[in-house]
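To start, the structure itself, in structure tokens.
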Amino acid sequence: DGGITQSPKYLFRKEGQNVTLSCEQNLNHDAMYWYRQDPGQGLRLIYYSQIVNDFQKGDIAEGYSVSREKKESFPLTVTSAQKNPTAFYLCASSMGRRVGETQYFGPGTRLLVL
Amino acid sequence: AQSVTQLDSQVPVFEEAPVELRCNYSSSVSVYLFWYVQYPNQGLQLLLKYLSGSTLVKGINGFEAEFNKSQTSFHLRKPSVHISDTAEYFCAVSPLRDDKIIFGKGTRLHILP
């Protein structure tokens, strides 16, 4: 089955700790995205990547970092600089042809601070 | 810049009644328009989208939406809702020649028995 997987489903972070959220897709999509979802806030774009080894900041990139070493993978690191990391994080992908394509979403990772 | 306004944060409706979820957008350039649905503790999935052509767009699960350029609106409708339609619905826009999508804040649809 083609799709997007995110792991873990729940993640706990201690003060001063960096944590990494995994996102993998087997849809052969060029573009991948990370969103943060807070209650009543909708989805806000953190980072996106349109091609391997290249990525751009979204609207709320501070305190986050990403890498895109492989087409299938786009991990997100929540660093200790992110002071309010508790949220639901969603990864998505699309073909990346800039013609109104559908974004396909993973099931999400819920990050909680201890 | 683009923005999306979903006028209602929550909409209660009785089962088998019709529903309309409102969406207005603002943009200085032409955009594509989307509605996504999110069931509890899941990711989003596409309901329907407008790219061009007929302004009435039909999607999955009996939903449809109408693009109104003069009113910059893209309201979502269903003639008869079911308990399984309980979810959060997001309106979104994407500028032409851009992969990024700008989402509204969502509308929670509550189906009453």
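In order, the protein sequence lines correspond to chains A and B.
The working numbering puts the first residue of the first sequence at 1, with every later residue one more than the last.
The working numbering puts the first residue of the second sequence at 1001, with every later residue one more than the last.
Backbone N, C-alpha and C fix where the C-beta goes; we use that ideal spot for every residue, glycine too.
Owing to the predicted nature of the structure, the values given are computational and were not obtained by experimental measurement.
Neighbourhood of residue i by C-beta distance below 7 Å, restricted to the same chain and skipping five residues each side
{"i": "Thr1086 (chain B)", "result": "Leu1109, His1110, Ile1111"}
{"i": "Thr86 (chain A)", "result": "Leu111, Leu112, Val113"}
{"i": "Pro8 (chain A)", "result": "Thr109"}
{"i": "Gly16 (chain A)", "result": "Ser80"}
{"i": "Ser1054 (chain B)", "result": "none"}
{"i": "Ala1092 (chain B)", "result": "Val1004, Phe1034, Tyr1036, Ile1101, Ile1102, Phe1103, Gly1104"}
{"i": "Phe88 (chain A)", "result": "Gln37, Gly108, Arg110"}
Beta-carbon proximity of residue i to residue j, cut-off 9 Å
{"i": "Leu1047 (chain B)", "j": "Val1037 (chain B)", "result": "yes"}
{"i": "Lys1069 (chain B)", "j": "Leu45 (chain A)", "result": "no"}
{"i": "Thr77 (chain A)", "j": "Thr5 (chain A)", "result": "no"}
{"i": "Tyr11 (chain A)", "j": "Gly1043 (chain B)", "result": "According to the sequence provided, residue 11 (chain A) is Leu. The question's Tyr does not apply to it. For Leu11 (chain A) and Gly1043 (chain B), no; Cβs fall outside 9 Å."}
{"i": "Phe1067 (chain B)", "j": "Leu1021 (chain B)", "result": "no"}
{"i": "Phe1103 (chain B)", "j": "Tyr64 (chain A)", "result": "no"}
{"i": "Ser1027 (chain B)", "j": "Ala1001 (chain B)", "result": "yes"}
{"i": "Gly96 (chain A)", "j": "Gln41 (chain A)", "result": "no"}
{"i": "Arg98 (chain A)", "j": "Asp1098 (chain B)", "result": "yes"}
{"i": "Leu1076 (chain B)", "j": "Glu1088 (chain B)", "result": "no"}
{"i": "Gly58 (chain A)", "j": "Ser1094 (chain B)", "result": "no"}
{"i": "Trp1035 (chain B)", "j": "Lys1058 (chain B)", "result": "no"}
Proximal residues to residue i (C-beta, below 6 Å), its chain only, five neighbours per side dropped
{"i": "Gln1010 (chain B)", "result": "Arg1108"}
{"i": "Val1019 (chain B)", "result": "Val1013, Lys1078, Val1081"}
{"i": "Asn1024 (chain B)", "result": "Thr1005, Thr1072, Ser1073"}
{"i": "Glu24 (chain A)", "result": "Thr5, Glu72, Ser73"}
{"i": "Glu1016 (chain B)", "result": "Ser1080"}
{"i": "Lys14 (chain A)", "result": "Leu114"}
Residue i, buried or exposed, once every other Cβ within 10 Å from all chains shown has been counted against 16
{"i": "Gln82 (chain A)", "result": "buried"}
{"i": "Gln56 (chain A)", "result": "exposed"}
{"i": "Ile1083 (chain B)", "result": "exposed"}
{"i": "Leu43 (chain A)", "result": "buried"}
{"i": "Gln37 (chain A)", "result": "buried"}
{"i": "Ile48 (chain A)", "result": "First, the residue type needs correcting, since residue 48 (chain A) is Tyr and not Ile in the sequence shown. Its Cβ being crowded by 16 or more others within 10 Å, Tyr48 (chain A) is buried."}
{"i": "Tyr33 (chain A)", "result": "buried"}
{"i": "Gly1106 (chain B)", "result": "buried"}
Opposing strand residues paired with residue i [DSSP bridges]
{"i": "Pro1095 (chain B)", "result": "B:Val1031"}
{"i": "Lys1078 (chain B)", "result": "B:Val1019"}
{"i": "Tyr64 (chain A)", "result": "A:Val78"}
{"i": "Ile4 (chain A)", "result": "A:Gln25"}
{"i": "Met32 (chain A)", "result": "A:Ser49, A:Ser93"}
{"i": "Asn1024 (chain B)", "result": "B:Thr1005, B:Ser1073"}
{"i": "Thr102 (chain A)", "result": "None, per the DSSP bridge assignment."}
Cutoff 8 Å; reference residue i; Cβ partners in own chain excluding five residues on either side
{"i": "Asn18 (chain A)", "result": "Thr77, Val78, Thr79, Ser80"}
{"i": "Glu62 (chain A)", "result": "Ala81, Gln82"}
{"i": "Val52 (chain A)", "result": "Arg68, Glu69, Lys70, Lys71"}
{"i": "Leu1096 (chain B)", "result": "Val1029, Ser1030, Val1031, Tyr1032"}
{"i": "Asp54 (chain A)", "result": "Arg68"}
{"i": "Ile60 (chain A)", "result": "Arg36, Arg44, Leu45, Ile46"}
Taking 8 Å as the threshold, find out whether the segment 95–107 of chain A comes into contact with the segment 1005–1013 of chain B through three or more Cβ pairs.
no
Meets three-Cβ-pair contact criterion under 8 Å: the segment 65–74 of chain A and the segment 27–36 of chain A:
As far as the Cβ criterion goes, the segment 65–74 of chain A touches the segment 27–36 of chain A, which means the pair count is three or higher.
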